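Number of protein chains: 2
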Amino acid sequence: MFVKGMKALSSKQQSIVDYIRRFLVDRGYPPSIRDIVDGCGISSTSVVDYNLKILDERGYIRRHAEVSRGIELLAWSPISRFQVPIIGQIAAGEPIPVPTSDTWDVAASSETLEVTEDLTQSKEGVYALRVKGTSMVDALINDGDIILMQYVNVVENGEMAAVWLKAEKEITLKKVYVEPSRIRLQPANSEMRPIYTDPENVEIQGKVIAVIRQLV
Amino acid sequence: MFVKGMKALSSKQQSIVDYIRRFLVDRGYPPSIRDIVDGCGISSTSVVDYNLKILDERGYIRRHAEVSRGIELLAWSPISRFQVPIIGQIAAGEPIPVPTSDTWDVAASSETLEVTEDLTQSKEGVYALRVKGTSMVDALINDGDIILMQYVNVVENGEMAAVWLKAEKEITLKKVYVEPSRIRLQPANSEMRPIYTDPENVEIQGKVIAVIRQLV
DNA sequence: TTTTTAATAGAACAAATGTTCGTTAAAGGG
DNA sequence: CCCTTTAACGAACATTTGTTCTATTAAAAA
Chain A
1 MFVKGMKALS SKQQSIVDYI RRFLVDRGYP PSIRDIVDGC GISSTSVVDY
51 NLKILDERGY IRRHAEVSRG IELLAWSPIS RFQVPIIGQI AAGEPIPVPT
101 SDTWDVAASS ETLEVTEDLT QSKEGVYALR VKGTSMVDAL INDGDIILMQ
151 YVNVVENGEM AAVWLKAEKE ITLKKVYVEP SRIRLQPANS EMRPIYTDPE
201 NVEIQGKVIA VIRQLV
Chain B
1001 MFVKGMKALS SKQQSIVDYI RRFLVDRGYP PSIRDIVDGC GISSTSVVDY
1051 NLKILDERGY IRRHAEVSRG IELLAWSPIS RFQVPIIGQI AAGEPIPVPT
1101 SDTWDVAASS ETLEVTEDLT QSKEGVYALR VKGTSMVDAL INDGDIILMQ
1151 YVNVVENGEM AAVWLKAEKE ITLKKVYVEP SRIRLQPANS EMRPIYTDPE
1201 NVEIQGKVIA VIRQLV
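Top to bottom, those sequences are chains A and B. Following the numbering used here, the numbering of the first sequence begins with 1 at its first residue and continues without gaps. Following the numbering used here, the numbering of the second sequence begins with 1001 at its first residue and continues without gaps.
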């Protein structure tokens, strides 16, 4: 999160911050002081040094002494992103593909989704599925949505999970409640009726930790 | 996206890539060759240089000659993230807060959401709202969801938008279709009925570009 | 006006860091 | 067995790059 109460920057300082960000974005490493001299049309390295000190004090950047290009941009910390493999699609009529060590390997999977860490909460075993068809609308999940899944076999009461119904040969996304001698599968949409079934008939295939829908 | 067809890496090369990523994540700038020597327990800078050359050839990194710490991690380019201000909530009974230059300022807004660029598609004027209440379920949007909005006053036919209905004093998320002498507001849920209303009665408040739902 | 403070200049220095090169060791290939 | 390729070694070197220092100018305060 962002720290409030930052003092206003001079136009030169603002342009330095912008330049650092831009440089970082398209080169992947921070600029040197002399890069900034050139990039911002500043006349001397000491002027840049002078302003970097101020930016450091005010919390916009962190400088690492005696480290080349040791400028860390705090106003936008380039950390905590995640590559999640999209290992297949989920449809009503077919079980979801079981994640193997192959599909786990982000490098090996053909499609990946880039998410920030606060979405996955840095959990292990996260993968993504593309939803096919409208059979999950009662879970407020539409055709084309992408769901972030965590690979688990057991879920807490009330958690949304991908459930494979053996008899029906159908997969569905429901909130799972264990009741005496039966399992209640509750749609996310409160106006819809739950399904009751035998514990033997259900197989938890994973837990839904997020839904992402992109419209155009 | 990831490029396929990469050859397998030796364990040493793998550990170098991992170390670079880790270093980048918690320091904000790339490691020097000597950092890698220490961090990976390698005996000589030339060994690191040798392996970095290979990683460069195989497309895992890009080295920038004669630049200190000039290592760009391609297997995960640390670019394209976005701070989107969460400027308020959207509920049925009240109009959404109009984004001002104040709320636009990411530094000024108390809450922000970090998203990757492929979600916002690097558009300008993107903000986020937290959905309050279940009045948008027919748009497959639930209480607590976060919607990414783009500030526009006009939408294309069929696009999902936040619409303020003046007479009803109500805001709703619907697909907007302009028909002769009336506006059709179509719920995302195909089983639900559209609303027809007068063009004078509607006020477009923004366009929904993504929906994010986080389940524990 | 005088004094202080903020900002700029430019150069010289020192430390950090990438690069090169001759050698050696191990692992196949013929 | 010799020869080529791959990998590792370590030191010396050259460049890049951060740092420092003094002088100068501009604006603000007294």
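By construction, the Cβ of each residue, glycine as well, lies at the ideal position given by its N, Cα and C atoms. Bear in mind the structure is a predicted one, so any value in this text is a computation, not a measurement.
Ordered list of beta strand (DSSP E) runs contained in the segment 16-84 of chain A, each at least 3 residues: 61-63, 71-73
Is the CB-CB distance between B/Val1155 and B/Ile1195 below 7 Å? no
How about B/Gly1028: is its C-beta nearer than 7 Å to some C-beta of chain A? yes
So, helix, strand or coil for A/Ala210, using DSSP? strand
Under three-state DSSP, which class holds A/Ala139? helix
Which residues does DSSP list as the beta-bridge partners of B/Arg1130? B/Gln1089, B/Ile1146, per the DSSP bridge assignment.
Please confirm if A/Ala210 has its CB atom under 7 Å from at least one CB of chain B. yes
By a C-beta neighbour count over all protein chains shown, 10 Å radius and 16 as the cutoff for buried, is B/Arg1182 buried or exposed? exposed
Buried or exposed: which applies to B/Phe1149, given that a residue is buried once 16 or more other Cβ atoms fall within 10 Å of its Cβ? Reading off the sequence, residue 1149 of chain B comes out as Met, not Phe. Flag for B/Met1149 reads buried.
Just to confirm, is the Cβ distance from B/Leu1165 to B/Asn1142 under 7 Å? no
Neighbour list for B/Asn1142 in chain A, Cβ cutoff strictly below 8 Å: Leu140, Ala188
Put B/Gln1013 into one of helix, strand or coil per three-state DSSP. helix
Indicate the three-state DSSP secondary structure (helix, strand or coil) for A/Glu200 in the structure shown. helix
Helix, strand or coil at B/Glu944 according to DSSP, with G and I counted as helix: No answer is possible for residue 944 of chain B: the residues shown for chain B start at 1001 and end at 1216.
Just the chain A side, please: which residues come within less than 7 Å of B/Ile959 by C-beta, in chain order? Residue coverage of chain B in this structure runs from 1001 to 1216, which leaves residue 959 of chain B outside it and unanswerable.
Do we get a CB-CB distance below 7 Å when we pair B/Met1160 with the residues of chain A? Yes, B/Met1160 counts as interfacial toward chain A.
Compare the C-alpha of B/Pro1030 against each of A/Leu74, A/Leu24, A/Gly133, A/Arg34 and name the closest. A/Leu24
From which residue to which residue does the beta strand (DSSP E) around B/Leu1215 run? Per DSSP, B/Leu1215 belongs to no beta strand (DSSP E) and is neither H nor E.
Between A/Val152 and B/Ile1033, what straight-line distance do the alpha-carbon atoms span, to the nearest angstrom? 40 Å
Cβ of B/Leu1009 less than 7 Å from any chain A Cβ? no
Could you say which of A/Glu57, A/Arg62, A/Pro199 lies nearest to A/Ile20 if we only look at CA atoms? A/Arg62
Spell out whether any CB of chain B is found under 7 Å from the CB atom of A/Arg213. yes
What distance in whole Å lies between the Cβ atoms of A/Pro187 and A/Asp138, which are believed to be in contact at a cut-off of 8 Å? 4 Å
Per-residue DSSP class, three states only, for B/Glu1156: coil
Less than 7 Å between the beta carbons of A/Ile16 and A/Cys40, yes or no? The answer is yes: Cβ separation under 7 Å.
Any chain A beta carbon closer than 7 Å to B/Gln1205: no
Interface residues of chain A around B/Ser1068 at Cβ under 8 Å? Ser32, Ser68, Arg69
I need the straight-line Cα distance from A/Asp145 to B/Gln1014, nearest angstrom please. 33 Å
Do you know how far the Cα of B/Leu1173 is from the Cα of A/His64? 48 Å
Please identify the residue among A/Asp26, A/Arg27, A/Tyr50, A/Gly28 whose C-alpha is closest to the C-alpha of A/Lys12. A/Tyr50
How big is the Cα-Cα spacing for A/Asp56 and A/Val48? 12 Å
For the beta strand (DSSP E) containing A/Arg193, name the first residue and the last one. That residue, A/Arg193, is in no beta strand (DSSP E); it is neither H nor E in DSSP.
What does DSSP give as the partner residue(s) for B/Tyr1151 in the beta ladder? Partner(s): none; B/Tyr1151 has no beta bridge.
Using alpha carbons as the reference points, say which of A/Thr197, A/Glu179, A/Glu159 lies closest to B/Gln1214. Just measuring C-alpha positions, the residue of A/Thr197, A/Glu179, A/Glu159 sitting nearest B/Gln1214 is A/Glu159.
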